[in-house]
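A.B. asks: Numbering (my numbering), first residue to last: 2 to 238.
Following this message is one structure expressed as structure tokens.
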């Protein structure tokens, strides 16, 4: 599996997805929180190969094991690594086998809810396109710079992305911050003298304390940072 991006001609992120090819068929796995589906974004293109775009959302099922190096072996599944959620691995199966595979997995593993998954993501510092990054962002501004290969051949938006890397810097960055109390998406982040420098985009209580992801202006990235009521926000690596 490979984390991938579709960029605009000016290098802005249009979609983020995972590419895999079980059985020789290319499958693109995309977070539904994103502004536009990859199928809609690709449909206007004239493809030189004999390719059919087919929405298989209701034909496939995915079991994610974020943070786990290898998922358990399970019949009727294909192993994908890394996970579409970030570090970890996934099991991909046909939708018709979902209940059977789930029942087998529940004999050994506990199912996690949305809150636990969000706490893991925010605590790990993984930006989510459509939440922490927008369609106005270059990959480096959306926390997705690691998904860009600068060693491959030409790709849409390459010049703008390479220019930021080689000659300049992004307008903003996504940073992981630790807070002394709970934060909420949309909370303002201020810098020296109470000047607004960014905004919280994700927040969750974790084992490391109250953690958040925030979009911060490049020139203010060194801090210091404060949240609502002057609460101290500490950058974490």
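We put the beta carbon where it would ideally sit given N, CA and C, even for glycine.
Since the structure is predicted, the reported quantities are computational estimates derived from the model, not experimental observations.
Give the secondary structure of residue 86 by DSSP, where H, G and I count as helix, E and B as strand, and everything else as coil.
C.D. replies: If you number the chain shown from 1, residue 86 lands on position 85. Three-state result, residue 86: coil.
A.B. asks: List the DSSP bridge partners of residue 1.
C.D. replies: Summary: the structure shown does not reach residue 1, with the chain confined to residues 2 through 238, and so no result is reported for it.
A.B. asks: Give the DSSP-derived three-state secondary structure of residue 204 in the structure shown.
C.D. replies: Locating residue 204 in the chain shown gives position 203, where the first residue counts as 1. Strand at residue 204.
A.B. asks: Within the same chain, show all residues whose beta-carbon is closer than 6 Å to that of residue 84, passing over the 5 residues directly before and after it, in chain order.
C.D. replies: Against the chain shown, residue 84 aligns to sequence position 83. Excluding sequence neighbours, residue 84 sits near 65, 67, 90 and 91.
A.B. asks: Is residue 141 helix, strand or coil by DSSP?
C.D. replies: The count along the chain shown starts at 1 and reaches residue 141 at position 140. Note: residue 141 maps to helix in three-state DSSP.
A.B. asks: Around the Cβ of residue 31, are there at least 16 other Cβ atoms within 10 angstroms (buried) or fewer (exposed)?
C.D. replies: Looking up residue 31 in the chain shown gives position 30. The residue is buried, with at least 16 neighbouring Cβ atoms inside 10 Å.
A.B. asks: Which term fits residue 209, buried or exposed, when burial requires 16 or more other beta carbons within 10 angstroms of its beta carbon?
C.D. replies: As a working mapping, residue 209 is identified with position 208 in the chain shown. Answer is exposed; the Cβ neighbour count stays below 16.
A.B. asks: Rounding to the nearest angstrom, what Cα-Cα distance links residue 211 and residue 174 in this structure?
C.D. replies: Walking along the chain shown from the start, residue 211 turns up at place 210. Walking along the chain shown from the start, residue 174 turns up at place 173. In a straight line, the C-alpha of residue 211 is about 20 Å away from that of residue 174.
A.B. asks: Based on Cα-Cα distance, which residue from 4, 11, 7 and 3 lies nearest to residue 163?
C.D. replies: The residue labelled residue 163 in the question sits at position 162 within the chain shown. Nearest option by C-alpha distance: 11.
A.B. asks: What's the C-alpha gap between residue 86 and residue 125?
C.D. replies: Locating residue 86 in the chain shown gives position 85, where the first residue counts as 1. Locating residue 125 in the chain shown gives position 124, where the first residue counts as 1. Roughly 11 Å separates the two Cα atoms.
A.B. asks: Go through the segment 130–180 residue by residue and report every complete run of the alpha helix (DSSP H) that reaches 4 residues or more, in order.
C.D. replies: 159–168
A.B. asks: Is residue 36 buried or exposed, if buried means 16 or more other CB atoms sit within 10 Å of its CB?
C.D. replies: Position 35 of the chain shown holds residue 36. When all chains shown are included, residue 36 counts as exposed.
A.B. asks: Rounded to whole angstroms, how far is the Cβ of residue 172 from the Cβ of residue 219, which I believe are closer than 8 Å?
C.D. replies: Counting from one through the chain shown, the residue named residue 172 turns up at place 171. Counting from one through the chain shown, the residue named residue 219 turns up at place 218. Residue 172 to residue 219, Cβ: 6 Å. Contact.
A.B. asks: So residue 5 and residue 148 are supposed to be a Cβ contact under 8 Å. How far apart are they, rounded?
C.D. replies: Position 4 of the chain shown, counted from the start, is the residue given in the question as residue 5. Position 147 of the chain shown, counted from the start, is the residue given in the question as residue 148. Sure, about 6 Å apart at Cβ, within 8 Å.
A.B. asks: Would the segment 195–204 and the segment 214–231 be scored as touching if the rule is three or more Cβ pairs under 8 Å?
C.D. replies: Cβ pair count under 8 Å is three or more, so yes.
A.B. asks: Pop quiz: residue 78 and residue 93 are said to be a contact at Cβ under 8 Å. What is the actual Cβ separation, rounded to whole angstroms?
C.D. replies: Within the chain shown, the letter at position 77 stands for residue 78. Within the chain shown, the letter at position 92 stands for residue 93. Contact holds; Cβ gap of about 6 Å.
A.B. asks: Determine the contact status of residue 215 and residue 14, defining contact as a CB-CB distance below 7 Å.
C.D. replies: For this step, residue 215 is matched to residue 214 along the chain shown. For this step, residue 14 is matched to residue 13 along the chain shown. Not a contact, by the Cβ cut-off of 7 Å.
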